[in-house]
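Novice:
Residue numbers (the UniProt record's numbering): 1 to 314.
1) For residue 165, does the count of other Cβ atoms within 10 angstroms reach 16, so buried, or fall short, so exposed?
2) Roughly how far, in whole angstroms, is the beta-carbon of residue 131 from the beta-carbon of residue 94, given that I think they are within contact range, below 8 Å?
3) My output table needs one value for residue 265: the three-state DSSP class, helix, strand or coil.
4) I'd like the list of long-range same chain contacts for residue 70, defined as Cβ closer than 7 Å, with 5 residues on each side in sequence excluded.
5) Could you work out which residue in 91, 83, 9, 163 is closest to residue 51 when comparing CA atoms only?
6) Let's see if you can read the secondary structure: which residues bound the beta strand (DSSP E) around residue 88?
7) If we ignore side chains and look at the alpha-carbon of each, how far apart do residue 14 and residue 145 end up?
8) State buried or exposed for residue 147, treating a residue as buried only when at least 16 other CB atoms are found within 10 Å of its CB.
9) Within 10 angstroms of its Cβ, does residue 82 collect 16 or more other Cβ (buried), or is it exposed?
10) Is the segment 291-302 in contact with the segment 134-145, if contact means three or more CB pairs nearer than 8 Å?
11) Within the same chain, show all residues whose beta-carbon is closer than 7 Å to that of residue 229, passing over the 5 residues directly before and after it, in chain order.
12) Which value, in whole angstroms, describes the spacing of the CA atoms of residue 151 and residue 238?
13) Would DSSP call residue 142 helix, strand or coil?
14) Ignore the nearest five residues each way along the sequence and tell me which others in residue 221's own chain have a CB closer than 6 Å to its CB.
15) Starting from the Cα of residue 203, find the closest Cα among 265, 246, 26, 159 and give me that residue.
16) Please classify residue 244 as buried or exposed, where buried requires at least 16 neighbouring CB atoms within 10 angstroms.
17) Which same chain residues, not among the five before or five after residue 105, have their C-beta less than 6 Å away from its C-beta?
18) Please state if the CB of residue 241 and the CB of residue 173 are separated by a distance shorter than 8 Å.
19) Would you decide whether residue 191 is buried or exposed? Buried here means 16 or more other CB atoms lie within 10 Å of its CB.
20) Please state whether DSSP places residue 309 in a helix, a strand or coil.
21) Would you mind stating whether residue 142 and residue 128 have Cβ atoms separated by less than 8 Å?
22) Measuring straight from C-alpha to C-alpha, what distance separates residue 267 and residue 259?
23) Buried or exposed: where does residue 247 fall if 16 or more other Cβ atoms within 10 Å of its Cβ makes it buried?
24) Enumerate in chain order the residues of its own chain whose CB-to-CB distance from residue 201 is below 6 Å, with the five nearest sequence positions on each side excluded.
25) In chain order, which alpha helix (DSSP H) runs of at least 4 residues are fully inside the UniProt domain "RNA-binding S4" (8-71)?
Structure, rendered in structure tokens:
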């Protein structure tokens, strides 16, 4: 043990010594009684280490994750030993949950990555550091190692991740560029929805810029950049501002009045979207190991490209 390490918390000391293992994983092993010193089990992650101490760690074999491997078509934008970046289609759920127990992105990544998943939290599964709603398309990153998961999680917490979205909304925002802030939490009226809350909730900040206006300002295309990552953040902030997303089945409300003066072909295209017109276009972050700044772009999918073409004709 080096002199500078004496007095460190045990979890911090072991995480620094064990390559590729996060502090949270070390703490989990301590809580499970898998760390000992001179034959005595240690149960406190906050223990201050002494120069004379040595430690034994029982690291269990990687368990197969409960989600099963299911081969699905994936559009891979980048992949290495640490992480994978994919272009998620609308309709694909990210993680198994009640109502969507399988055929999710996690199932697909387990099948695609196989043995390259080196074990996160003791399970052979991908590390999901952020999510896109089922019906939001675009670029996502997932960790393949605990080291990558830890780094990416820290970058999201530090707000150093670049995230830009294309959003098609009702109406014209004034001013045409600006910032929307407002705490987001569960709606007190409908617990299945999120809402901007005057009390409680979590801080949420969305920056927007108008890219184009169509049909005399009836519809606008925005670029939205997230400074925080709350559930349904863009959808909730824009709805609260009076400019809900086209096709949003949860926050869109009645649109018949807005649709009545649009050309029939455009009305049909909006009605047939079947999802919110939101696309994660840009994702940028620092590589967990090399530190190199990476940036990935995802083009509009066919349904939103078709929508754009029709809007430009109005």
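No residue lacks a Cβ here, since even glycine has one placed at the ideal position from N, Cα and C.
Note that the coordinates shown come from a computational prediction; the quantities given were computed from them, not determined experimentally.
Specialist: Looking at the atomic coordinates:
1) Position 165 of the chain shown holds residue 165. Counting Cβ neighbours within 10 Å, residue 165 comes out buried, since at least 16 surround it.
2) By one-based count along the chain shown, residue 131 stands at place 131. By one-based count along the chain shown, residue 94 stands at place 94. Indeed they touch by this definition, with Cβ atoms about 5 Å apart.
3) Position 265 of the chain shown, counting from 1, holds the residue named residue 265. It is helical.
4) By one-based count along the chain shown, residue 70 stands at place 70. Setting aside the 5 residues that flank it on each side, residue 70 is surrounded in the same chain by 102, 103, 107, 108, 111, each with a C-beta closer than 7 Å to its C-beta; the list follows chain order.
5) Working through the chain shown from its first residue, we reach residue 51 at position 51. Residue 9 is the option with its Cα nearest to residue 51.
6) As a first step, residue 88 must be located in the chain shown, where it is residue number 88. Start and end: 83-88.
7) Stepping through the chain shown from its first residue, residue 14 is reached at position 14. Stepping through the chain shown from its first residue, residue 145 is reached at position 145. Rounded to the nearest angstrom, the two C-alpha atoms are 17 Å apart.
8) Here residue 147 corresponds to residue number 147 of the chain shown, with the count starting at 1. That one is buried.
9) Here residue 82 refers to the residue found at position 82 of the chain shown. Burial call: buried.
10) yes
11) Residue mapping note: residue 229 aligns to position 229 of the chain shown, counting from 1. Once the five neighbours on either side are set aside, the close Cβ partners of residue 229 are 130, 156.
12) On the chain shown, residue 151 is found 151 positions in, with the first residue counted as 1. On the chain shown, residue 238 is found 238 positions in, with the first residue counted as 1. Their Cα atoms are separated by approximately 31 Å.
13) Position 142 of the chain shown, counted from the start, is the residue given in the question as residue 142. Strand at residue 142.
14) Against the chain shown, residue 221 aligns to sequence position 221. Taken in chain order, the residues that qualify are 168, 211, 212.
15) By one-based count along the chain shown, residue 203 stands at place 203. If we check each option's Cα against that of residue 203, 159 comes out closest.
16) The count along the chain shown starts at 1 and reaches residue 244 at position 244. Result: buried.
17) On the chain shown, position 105 is the one that residue 105 refers to. Only 92, 94 meet the Cβ criterion.
18) Working through the chain shown from its first residue, we reach residue 173 at position 173. Working through the chain shown from its first residue, we reach residue 241 at position 241. Result yes, Cβ atoms of residue 173 and residue 241 sit closer than 8 Å.
19) Walking along the chain shown from the start, residue 191 turns up at place 191. In this structure residue 191 is exposed. Its beta-carbon is surrounded by fewer than 16 other beta-carbon atoms within 10 angstroms.
20) In the chain shown, counting from the first residue as 1, residue 309 sits at position 309. In the structure shown, residue 309 sits in a helix (DSSP, three-state: H, G or I).
21) In the chain shown, counting from the first residue as 1, residue 142 sits at position 142. In the chain shown, counting from the first residue as 1, residue 128 sits at position 128. In contact: residue 142 and residue 128 (Cβ atoms closer than 8 Å).
22) In the chain shown, counting from the first residue as 1, residue 267 sits at position 267. In the chain shown, counting from the first residue as 1, residue 259 sits at position 259. For residue 267 and residue 259, the distance between alpha carbons rounds to 6 Å.
23) Counting from one through the chain shown, the residue named residue 247 turns up at place 247. Buried, since its Cβ has 16 or more Cβ neighbours within 10 Å.
24) By 1-based counting over the chain shown, the position of residue 201 is 201. Cβ within range, chain order: 183, 184, 185.
25) 10-17, 23-31
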